[in-house]
Every structure is written in C-alpha cells, then in structure tokens.
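To keep things clear, I will list the structure first and then write my remarks on it.
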Amino acid sequence: MTTISLETRERIKGYLEGFIQGLIDAYKIRLIEQTVTIEEYLSRKSTKGELKPFHAAMIPPEILNINLFERGFSTRLGNSLEECARLIALEHHREVHRGYDLEVEVSQAAYAEAERQKERYESTTNNKESQPSFEQMIASILNVQRSDNLVHKKVRVDLFIITHNGTELLFEIKSPKPNKGQCLEVTQRLLRFHLLRGKNRPDVQAYYAMPYNPYGLQRSDYKWTYSQKYMPFNEVVLIGDEFWQMIGGNTTYQELLEIYQEVGQVKSKSIVEQLSF
Numbered sequence: 004m005t006t007i008s009l010e011t012r013e014r015i016k017g018y019l020e021g022f023i024q025g026l027i028d029a030y031k032i033r034l035i036e037q038t039v040t041i042e043e044y045l046s047r048k049s050t051k052g053e054l055k056p057f058h059a060a061m062i063p064p065e066i067l068n069i070n071l072f073e074r075g076f077s078t079r080l081g082n083s084l085e086e087c088a089r090l091i092a093l094e095h096h097r098e099v100h101r102g103y104d105l106e107v108e109v110s111q112a113a114y115a116e117a118e119r120q121k122e123r124y125e126s127t128t129n130n131k132e133s134q135p136s137f138e139q140m141i142a143s144i145l146n147v148q149r150s151d152n153l154v155h156k157k158v159r160v161d162l163f164i165i166t167h168n169g170t171e172l173l174f175e176i177k178s179p180k181p182n183k184g185q186c187l188e189v190t191q192r193l194l195r196f197h198l199l200r201g202k203n204r205p206d207v208q209a210y211y212a213m214p215y216n217p218y219g220l221q222r223s224d225y226k227w228t229y230s231q232k233y234m235p236f237n238e239v240v241l242i243g244d245e246f247w248q249m250i251g252g253n254t255t256y257q258e259l260l261e262i263y264q265e266v267g268q269v270k271s272k273s274i275v276e277q278l279s280f
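To convert, take the position in the sequence shown, counting from 1, and add 3; that gives the working numbering.
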C-alpha cells in the first residue's frame, strides 16, 4: 500500500516540473558562450563575477552550463523538499503549514535562557562533560518563564504540523552536513520553538530534519561529526527515511524518490537541449 496518493503524486510532479523549468529559465540568461579566442574571452565582463577563463579554455560550454545549472539546483533543492513534505503531510495530518511564524510574547529571561543553554551545551561538549538532555534544556527554559518583562518574539518554522491527536511537530529542514555554528544555532532555535509554544515533549516535538543521508540508508551509516557532537543528536535529528516516515508513513521516502526520478526522466532531455548550444 502506498503512502502518497495518486492525487498528491500528481500535485508533487506538477510542482517539480514547474520547479525545474523555473530553474532552467533562470539559468538560460546566464549561459556561458563559446570561447572564440582567448582575447575575446578576456574582454568579457560579468557583474556576478562568474568568469572562469581556465575552465572556458578547456571545457566545452555545454558542460559548463550543465554544471552551473546543477549547482543552482543543489542550492534550491531544499525549497522543493519543503514543499513536497508539505504536500505529503497534508494527506496524513490535521493541520500543515510551511514557513510558519511562531509569534508570541515571552519573558526576556526565558528567551535569553535558550542562548545560555546553547552555550552550556557547547561548553560541556568541548570539556567532555556530561551533556544535558534536550528535555532538560527545554525544562530549564520553561522554568524561567515569567508573566512580566515580556517581549514580542517571532520565529519561523520550516514545517509545522499538528497531528490528528493534537501533537505539534516542528521541523527545521536543512543540510545533512551543518557546520559547528549551524548545529549550535539550530539547537537554540529548537529550544525557542518549545518556549514559544510553552510546552515540553511529548506535546510539542521540535526536530532538525535532514531530508537524506549522504552516507547511506541507515542512521548508523551517518558520520558527520559536527552534528553528532554539537546538538542533541539522538533526540532532535531525523535523517532521511526517519523524517519522511514521520510525516507520511513507512514507504514515503522511496515513493518520493521515485517521483523525482520520473520527473527527471521526463525533463532530462529538455534540460540538456535548453542549456546547450
């Protein structure tokens, strides 16, 4: 039994086809022209700083254009995955929002405590001390919350879901290879999600979602050290299939990859034709 219905499948395919064509159109105006002579190439100017004389001298422009497109696709891939996650989640949950703003008044002390908890986590990691659990960190923040000295705060969530049983799922959907600073920053953001919702787990569950695992299928395959050291990895990180299962069901990851493949097969010839001379 599939977890993505035919209707949602068609909506995802339509979105992805538009996503790819929009990217093609954006990069068609940036096509690298054939180098006639070295002198001619060196006379060119680029307001975006994209001239690469040694690349142009050796590599055919068709390959350079495809490479330019691929880098643009990689940069914007996260947007397509967020929208696909939203479309899939709509089938399975009571309420779903993408780019959702949590906006509420909280005490300045509690908001600042999230920063302190982040710094404490970094310190315990660096000093090889016992690290607090994520729930302990949330509890420390909620315990500081007061009804006075309130400040208006707004924090955006990549994907916000309310399940049919009322559980709130909040996701930061980002790269599977964050640097140290990004790991600490996302830990702080997840803590602030809980603060602005005013609840600890299990009623509110905030996660760092990695849409795929660059090391393999299993969680045990994952080897990126920063993620494992500088955030509560086992409590807040969902990798690849784990994320897609949570929002859609057991076979969601496989089914979504199949949809991407289908769109790729349909659009591949058009991509090459439009970006080549």
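Glycine included, each C-beta is placed from N, C-alpha and C at the ideal position.
**Asked** Excluding the five sequence neighbours on either side, which residues of its own chain have a C-beta within less than 6 Å of the C-beta of Lys121, listed in chain order?
**Response** Start at 1 with the first residue of the sequence shown, and residue 121 comes out as number 118. Here the set comprises Leu187, Thr190 and Gln191.
**Message:** Taking the beta carbon of Pro56 as the centre, do at least 16 other beta carbons fall within 10 Å, making it buried, or is it exposed?
**Reply:** Counting from one through the sequence shown, the residue named residue 56 turns up at place 53. Taking every protein chain shown into account, the CB of Pro56 has fewer than 16 other CB atoms within 10 angstroms, so this residue is exposed.
**Request:** Could you please give me the residues that DSSP links to His167 through a beta bridge?
**Result:** Here residue 167 refers to the residue found at position 164 of the sequence shown. Looking at the DSSP output, His167 sits in no beta bridge, so it has no partner there.
**Cβ shell of Phe163 (< 7 Å), same chain only, five flanking positions each side left out** = The residue given as residue 163 occupies position 160 in the sequence shown. These residues qualify, in order along the chain: His100, Tyr103 and Leu173.
**Prompt:** For Val207 versus Gln148, is the C-beta spacing smaller than 8 Å?
**Reply:** Counting from one through the sequence shown, the residue named residue 207 turns up at place 204. Counting from one through the sequence shown, the residue named residue 148 turns up at place 145. Taking 8 Å as the cut-off, the beta carbon of Val207 is found no closer than this to the beta carbon of Gln148.
**Message:** Which complete alpha helix (DSSP H) runs does the region 122 to 164 hold, if anything under 4 residues is left out?
**Reply:** Look at the region 122 to 164 and you find these whole runs of alpha helix (DSSP H), each 4 residues long or longer: 137 to 147.
**Item:** Which of helix, strand or coil DSSP assigns to Arg97
**Value:** Here the question's residue 97 lines up with position 94 in the sequence shown. Here Arg97 sits in coil by DSSP.
**Message:** With three or more C-beta pairs closer than 8 Å as the rule, is the region 12 to 24 touching the region 264 to 280?
**Reply:** Touching, yes, given that three or more Cβ pairs across the two stretches are closer than 8 Å.
**Request:** With distances taken Cα to Cα, identify the nearest neighbour of Leu92 among Thr128, Leu259 and Val275.
**Result:** Residue numbering aside, residue 92 sits at position 89 when the sequence shown is read from its first letter. At residue 92 the sequence reads Ala, which differs from the Leu that was named. Among Thr128, Leu259 and Val275, the Cα nearest to that of Ala92 is on Leu259.
**Item:** Straight-line gap, Val158 to Glu106 (C-alpha atoms, nearest Å)
**Value:** Translated into positions along the sequence shown, residue 158 becomes position 155. Translated into positions along the sequence shown, residue 106 becomes position 103. Taking the straight line from one Cα to the other gives about 7 Å.
**Message:** Any heavy atom of the ligand COA closer than 7 Å to the beta-carbon of Asn152?
**Reply:** Inclusion of the ligand COA in the displayed structure is not the case, the ligand content being empty and no account of it being possible.
**Asked** Helix or strand or just coil, what does DSSP make of Leu54?
**Response** Reading the sequence shown from its first residue, position 51 is the one you call residue 54. In this structure, Leu54 counts as coil in the three-state DSSP scheme.
**Prompt:** If you compare alpha carbons, which of Ser143, Gln134 and Ala112 is closest to His155?
**Reply:** Numbered from 1 along the sequence shown, position 152 holds the residue referred to as residue 155. For His155, the nearest C-alpha among the options comes from Ala112.
**Request:** Tell me whether Gly230 is buried or exposed, calling it buried when 16 or more other Cβ atoms sit within 10 Å of its Cβ.
**Result:** As a position in the sequence shown, residue 230 is number 227, starting the count at 1. Here residue 230 turns out to be Ser, not Gly, going by the sequence shown. Classification for Ser230: buried.
**Request:** Inspect the beta-carbon positions of Trp247 and Pro179 and report whether they are closer than 8 Å.
**Result:** Here residue 247 is taken as the residue at index 244 of the sequence shown, counted from 1. Here residue 179 is taken as the residue at index 176 of the sequence shown, counted from 1. For Trp247 and Pro179, no; Cβs fall outside 8 Å.
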